[in-house]
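Student: Here it is, the structure in full.
Residue numbers (the UniProt record's numbering): 1 to 441.
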């Protein structure tokens, strides 16, 4: 699809002109229909319907609302195609666009910028994000930024994809999305529908087929196995390592050991929690009544802000070491104790501890274990009724086995949920993340 031949401003102006002209065009249409009917009769005597499609005696009806909806969808699709968003956006984002285009927002420059601006400004980010989304869905190993960092030895060379037997099935789309993500990363176009169907048919007929370093084997149970040659596996490794980047330590001494420049750009280990992440987690929590809530290492107080908005009666306390962020949180009306959280004496009185500890290494585990000591205990003789800990973590915490002693070894285990790829992008890191919900220790 060629790039847009006109500026976005010119396209918006055309849209506005045509939208304004719709009532007049409808009147022209009605007048033309009346003229045709008059031209087909003498003296007003009805001689039969002139309209096709089984209509009898009445002209086709065109609704102004339908014209406006069609014009708006056409404008958005024109810009989507003209900006080549399809070649940059991840498979999940493309599907979200397809759904949103059924009822798109008003076609304005501001809305275009809000919807597509980041894809135009940061195409490589979205290309890498698309690759990461595909491979994280294929195998948990790809969610571990520590496995990605150590090279191809840490990544699986074979992926099993279930339910690839029929057009449009979960596995059928998953394999296609994976091949397309690799193509886009390599600067190639999406694989065509016929080429992809032929590829799967060949794999079913001959046992295997090949596509640019990927071997596809199909089996009678409907599953497919994807094998990556060494060159492709290295490409995947390099792409994910670039996308995930590094998390930084939470002390100046450890930061000094990092390569130059990272400490300044990332402000040590401070990765503020994006509001979208907080809101997604809060939807799973019961904050009724007047709960006592603690946010360790509260930073600028984003979690406390959201909790207060959801329940103004919540009794919220924060702990933060950084003096500037303490003042920022206090200025918003929060009660914040200035201290290193790990040196804070436990007080088991909280109904909820909601935390986003430092991501670097496994230092987060010290924060998690210490935070559980602040939870209100379960009533005697019961296994429920006490406080709850919500802890945002790098996904490697689960997928590298660091939570096994807590009974969490798989994303299917109750208590863990993966967050979408790049959930912390706005805070300076793309490493995969998730969160757990635990009771008192």
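For each residue, glycine too, the CB sits at the ideal point set by N, CA and C.
Taking buried to mean at least 16 other C-beta atoms within 10 Å of its own C-beta, is residue 334 buried or exposed?
Tutor: Your numbering for residue 334 matches position 334 in the chain shown. Residue 334 is buried by the Cβ-count criterion.
Student: Over the uninterrupted alpha helix (DSSP H) stretch that includes residue 461, give me the two end residues.
Tutor: Because residue 461 is not part of the residues shown, which for the chain are 1 to 441, the question remains open.
Student: Give the secondary structure of residue 2 by DSSP, where H, G and I count as helix, E and B as strand, and everything else as coil.
Tutor: Taking the first residue of the chain shown as position 1, residue 2 is located at position 2. Confidence is the limiting factor: at residue 2 the pLDDT is only 49, short of 50, which leaves the residue's position unreliable and the question unanswerable from this model.
Student: Under DSSP, the alpha helix (DSSP H) around residue 371 begins and ends at which residues?
Tutor: By one-based count along the chain shown, residue 371 stands at place 371. Looking at the DSSP string, the run of the alpha helix (DSSP H) that includes residue 371 is 364-372.
Student: Which residues in the same chain have their Cβ closer than 7 Å to the Cβ of residue 166, if we skip the five residues on either side of it in sequence?
Tutor: Against the chain shown, residue 166 aligns to sequence position 166. Once the five neighbours on either side are set aside, the close Cβ partners of residue 166 are 172.
Student: Output the distance between the C-alpha atoms of residue 373 and residue 422, rounded to the nearest integer angstrom.
Tutor: Counted from its first residue, the chain shown places residue 373 at position 373. Counted from its first residue, the chain shown places residue 422 at position 422. Answer to the nearest angstrom: the Cα atoms are 31 Å apart.
Student: Is the number of C-beta pairs between the segment 348-361 and the segment 387-407 that are closer than 8 Å three or more?
Tutor: Flag = yes, the segment 348-361 and the segment 387-407 touch.
Student: Taking residue 244 as part of the alpha helix (DSSP H), name the residues at either end of that continuous run.
Tutor: Within the chain shown, residue 244 is the residue found at index 244, counting from 1. Segment 230-244, the alpha helix (DSSP H) holding residue 244.
Student: Do residue 227 and residue 217 have their beta-carbon atoms positioned less than 9 Å apart in this structure?
Tutor: Indexing the chain shown from 1 puts residue 217 at position 217. Indexing the chain shown from 1 puts residue 227 at position 227. Yes, these two residues count as a Cβ contact at 9 Å.
Student: Can you list, in chain order, the residues of its chain with a C-beta nearer than 6 Å to that of residue 143? Leave out the 5 residues immediately preceding and following it.
Tutor: Locating residue 143 in the chain shown gives position 143, where the first residue counts as 1. Correct list, in chain order: 136, 395, 399, 432.
Student: Counting pairs of beta carbons, one from the segment 91-107 and one from the segment 204-221, are three or more of them closer than 8 Å?
Tutor: Output reads no: the segment 204-221 does not touch the segment 91-107.
Student: Going by the DSSP bridge assignment, what does residue 418 pair with across the sheet?
Tutor: Counting from one through the chain shown, the residue named residue 418 turns up at place 418. DSSP, once it has assigned bridges, lists 434 as partnering residue 418.
Student: With DSSP run on the structure shown, which of helix, strand or coil describes residue 134?
Tutor: Locating residue 134 in the chain shown gives position 134, where the first residue counts as 1. Residue state, collapsed to three classes: helix.
Student: Answer yes if the segment 109-119 comes into contact with the segment 154-162, meaning at least three C-beta pairs across the two stretches below 8 Å, and no otherwise.
Tutor: At 8 Å Cβ cutoff, the stretches do not touch.
Student: Counting pairs of Cβ atoms below 8 Å between the segment 377-385 and the segment 298-313, do you hit three or more?
Tutor: Taking 8 Å as the limit for Cβ pairs, the verdict is that the segment 298-313 does not touch the segment 377-385.
Student: Where does residue 340 land, buried or exposed, given buried means 16+ other C-beta within 10 angstroms?
Tutor: In the chain shown, the residue the question calls residue 340 occupies position 340. Under this definition residue 340 is an exposed residue.
Student: May I ask you to report which of helix, strand or coil DSSP gives residue 321?
Tutor: Taking the chain shown and counting its residues from 1, one reaches residue 321 at position 321. In this structure, residue 321 counts as coil in the three-state DSSP scheme.
Student: Between residue 12 and the rest of its own chain, which residues show a CB-CB distance below 6 Å, the 5 nearest in sequence each way excluded?
Tutor: The residue labelled residue 12 in the question sits at position 12 within the chain shown. Only 109 meet the Cβ criterion.
Student: My assumption, with CB atoms under 8 Å, is that residue 314 sits in contact with residue 346. Please give the rounded CB distance.
Tutor: What you label residue 314 is simply residue 314 of the chain shown in a count that begins at 1. What you label residue 346 is simply residue 346 of the chain shown in a count that begins at 1. The Cβ separation is near 20 Å, so there is no contact.
Student: Take the Cβ of residue 243 as the centre, count every other Cβ of all protein chains shown within 10 Å, and call the residue buried at 16 or more, exposed below.
Tutor: Along the chain shown, read from residue 1 onward, the residue named residue 243 stands at position 243. Classification for residue 243: buried.
Student: Excluding sequence positions up to five away, which residues of its chain have a Cβ less than 8 Å from the Cβ of residue 231?
Tutor: Taking the chain shown and counting its residues from 1, the one referred to as residue 231 is at position 231. Correct list, in chain order: 213.
Student: Check whether the segment 39-49 touches the segment 77-92, counting contact only when three or more Cβ pairs, one atom from each stretch, lie closer than 8 Å.
Tutor: With a cut-off of 8 Å, the segment 77-92 and the segment 39-49 do not count as touching, because too few Cβ pairs lie within range.
Student: Leaving out the 5 sequence neighbours to the left and right, which residues in its chain are closer than 8 Å to residue 8 when beta-carbon positions are compared?
Tutor: Residue 8 sits at position 8 when you count from the first residue of the chain shown. Counting only Cβ-Cβ distances below 8 Å, and skipping sequence neighbours, we find 79, 109, 112.
Student: To test your reading of the DSSP string, which unbroken alpha helix (DSSP H) runs of 4 or more residues are found completely within the UniProt domain "DUF6094" (267-360)?
Tutor: Segments of the alpha helix (DSSP H) lying fully in the UniProt domain "DUF6094" (267-360): 275-282, 302-310, 323-331.
Student: Going by the CB atoms, is the gap between residue 182 and residue 83 shorter than 9 Å?
Tutor: To locate residue 83, count along the chain shown from 1; it is residue 83. To locate residue 182, count along the chain shown from 1; it is residue 182. No, Cβ-Cβ distance for residue 83 and residue 182 is not below 9 Å.
Student: Could you check whether residue 239 and residue 132 sit closer than 9 Å to each other, using their CB atoms as the reference points?
Tutor: Numbered from its first residue, the chain shown carries residue 132 at position 132. Numbered from its first residue, the chain shown carries residue 239 at position 239. It is a contact, given that the beta carbons lie within the stated cut-off.
Student: Shortest alpha-carbon distance to residue 344 belongs to which of 296, 169, 316?
Tutor: Along the chain shown, one-based indexing puts residue 344 at 344. Checking every option, the nearest Cα to that of residue 344 belongs to 296.
Student: Which partner residues of residue 41 appear in the DSSP bridge assignment?
Tutor: Taking the first residue of the chain shown as 1, we reach residue 41 at position 41. Its beta-bridge partners do not exist; DSSP assigns none.
Student: Which residues does DSSP list as the beta-bridge partners of residue 375?
Tutor: As a working mapping, residue 375 is identified with position 375 in the chain shown. Answer is 350, bridged to residue 375.
Student: Let's see if you can read the secondary structure: which residues bound the alpha helix (DSSP H) around residue 114?
Tutor: Within the chain shown, the letter at position 114 stands for residue 114. It spans 109-121 - the alpha helix (DSSP H) in which residue 114 sits, taken as one unbroken run.
Student: Assuming contact is defined by CB atoms lying nearer than 9 Å, are residue 235 and residue 270 in contact in what I supplied?
Tutor: For this step, residue 235 is matched to residue 235 along the chain shown. For this step, residue 270 is matched to residue 270 along the chain shown. No, they are not a contact pair.
Student: So which of 146, 204, 124 has the shortest CA-CA distance to residue 187?
Tutor: Looking up residue 187 in the chain shown gives position 187. With distances taken between Cα atoms, residue 187 lies closest to 124.
Student: Could you name the residues that DSSP lists as bridge partners for residue 215?
Tutor: For the purposes of this step, residue 215 is identified with residue 215 of the chain shown, where counting begins at 1. Partner(s): 210, 227.
Student: Tell me whether residue 36 is buried or exposed, calling it buried when 16 or more other Cβ atoms sit within 10 Å of its Cβ.
Tutor: For the purposes of this step, residue 36 is taken as residue 36 along the chain shown, with counting starting at 1. Under this definition residue 36 is an exposed residue.
Student: Go through its chain and collect everything with a Cβ distance to residue 94's Cβ below 7 Å, but skip five positions before and after it.
Tutor: Working through the chain shown from its first residue, we reach residue 94 at position 94. The answer, listed in chain order, is 86.
Student: Using only the alpha-carbon positions, how far apart do residue 199 and residue 220 sit?
Tutor: The count along the chain shown starts at 1 and reaches residue 199 at position 199. The count along the chain shown starts at 1 and reaches residue 220 at position 220. Approximately 16 Å between the Cα atoms of the pair.
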